[in-house]
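Q: Let me give you the structure first, and then I'll get to my questions.
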Amino acid sequence: MNLRQLRYFIAVAEELHFGRAAERLHVSQPPITRQIQSLEENLGAQLFIRTPRGVELTQAGSLFLEEARNIAARLDQAADRVHRAAEGNLGRLDIAIFGTAILSLIPRIILEFKHRYPDVKIVMHAADKLGQIEGLHNRSLDLGFNRMLVPTPGLVAEQLCCEPLYAVLPDPGPWSGRDSVDLNELRDEPMVLFPASRAQGFVEKVTGLCHEVGFAPNVAQVVGDGFTAMALVAAGFGVCLVPESITSVRMDGVICLPLANPPAGATVDISCLYREGDTSPFLANFLAVARELTD
């Protein structure tokens with residue numbers, strides 16, 4: 266039994282006439298007759314009774330028509346799902362995020378992608394830079410979001426946008442009521458840095474900016490993330506610099522001010538990381554949405 270036989274059988278069963286079935290299928294009648302005969306031989310049952318007007322279904326034929334329709338429908342559904350998957354409209358995308366990047370444009374990208382491709386399941390994973398690199402290499406991840414990514418063999422780091430740095434300061438305090446603060450004003454303040462990890466690109470950036478304006482930061486603490494750094498500022502441990510996106514988090518005891526006359530490079534990127542040469546339609550569609558929203 267094959268799909269062609271099922272299609273031919275359904276057409277004859279619905280038309281109750283070999284000639285009309287042939288016209289409907291745009292084929293000649295003899296192949297249909299041969300395929301139906303072969304189908305009856307394989308099933309060991311007569312499916313049609315010939316009549317002066319055409320054919321009628323036997324009891325076995327009526328039963329088989331229901332089954333044939335179900336089989337054909339399932340095959341059509343399977344073909345449609347495969348086609349949609351090939352176009353990136355159906356499937357799964359594993360995405361890794363880390364730190365404050367999730368507070369910025371990433372939720373907007375994900376929501377817009379889910380709106381356009383509702384049948385693509387997005388699975389989120391928490392992973393730092395090294396975890397994202399490992400996950401991409403072993404194919405447990407399709408895409409990672411992070412900051413200050415360095416060139417990695419086999420992977421593409423694509424910058425989506427940059428955001429300015431803000432100073433997180435105790436409140437009430439000397440800067441209460443201010444609209445901005447000069448980085449040089451923080452030279453004598455204890456500074457909380459983050460992240461305390463093997464990938465300290467942001468620590469190096471903050472330290473470099475301080476040196477650029479003429480002072481070495483007085484490091485009070487190095488912690489794991491920006492939220493902890495802000496909490497320590499609120500607890501009186503000093504001040505810190507954070508990406509603008511984290512300032513959307515309201516925390517008692519601190520104020521977040523932009524830098525006045527910021528030195529060059531007082532920004533931090535949001536980038537995505539993916540496998541070089543990855544032809545996945547899911548990834549292509551997701552990147553198209555991300556680029557559109559950050560253009």
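Residue numbers (our numbering): 266 to 560. We put the CB at the ideal spot given by N, CA and C, even for glycine.
Where does Ile511 land, buried or exposed, given buried means 16+ other C-beta within 10 angstroms?
A: Ile511 comes out buried.
Q: Hey, out of Asn411, Ala461 and Leu268, whose CA is closest to Ser303's CA?
A: Closest by alpha carbon: Leu268.
Q: If you run the structure through DSSP and keep just helix, strand and coil, what is Ser510?
A: The answer is helix: DSSP assigns Ser510 an H, G or I state.
Q: Within the chosen definition, does the stretch 424–435 reach the stretch 376–383 through at least 3 CB pairs nearer than 8 Å?
A: Not touching, per the Cβ criterion.
Q: With distances taken between CB atoms, is the gap from Leu524 to Leu430 smaller than 8 Å?
A: Cβ distance < 8 Å, so Leu524 and Leu430 count as in contact.
Q: What runs of the beta strand (DSSP E), each 3 residues or longer, lie entirely inside the stretch 449–494?
A: Taking only runs of at least 3 residues, the beta strand (DSSP E) segments lying wholly in the stretch 449–494 are 455–458 and 483–487.
Q: With DSSP collapsed to three states, give me the class of His380.
A: In this structure, His380 counts as helix in the three-state DSSP scheme.
Q: Shortest alpha-carbon distance to Phe492 belongs to which of Val478, Gly473 and Asp517?
A: Of the candidates Val478, Gly473 and Asp517, the one whose C-alpha sits nearest the C-alpha of Phe492 is Asp517.
Q: Is it true that the CB of Ala391 sits closer than 8 Å to the CB of Ile362?
A: Yes, the pair counts as a contact, with Cβ atoms nearer than the cut-off.
Q: Of all the alpha helix (DSSP H) runs that stay within the bounds of the stretch 351–437, which reach a length of 4 or more residues?
A: Here the runs fully enclosed are 371–381 and 394–402.
Q: Distance cutoff 8 Å, beta carbons only. Does Gln270 sit that close to anything in chain C?
A: You won't find chain C in this structure, because it holds only one protein chain.
Q: Please confirm whether Leu358 and Leu408 have their CB atoms less than 8 Å apart.
A: It is a contact, given that the beta carbons lie within the stated cut-off.
Q: Grouping DSSP H, G and I as helix and E and B as strand, with all else coil, what is Gly326?
A: Of the three classes helix, strand and coil, the one that applies to Gly326 here is helix, per DSSP.
Q: By how many angstroms is the C-alpha of Cys505 removed from the C-alpha of Lys394?
A: Spanning the two alpha carbons is a distance of roughly 22 Å.
Q: Ordered along the chain, which non-local residues of its own chain (more than five positions away) have a Cβ less than 8 Å from that of Pro416?
A: Excluding sequence neighbours, Pro416 sits near Ala422.
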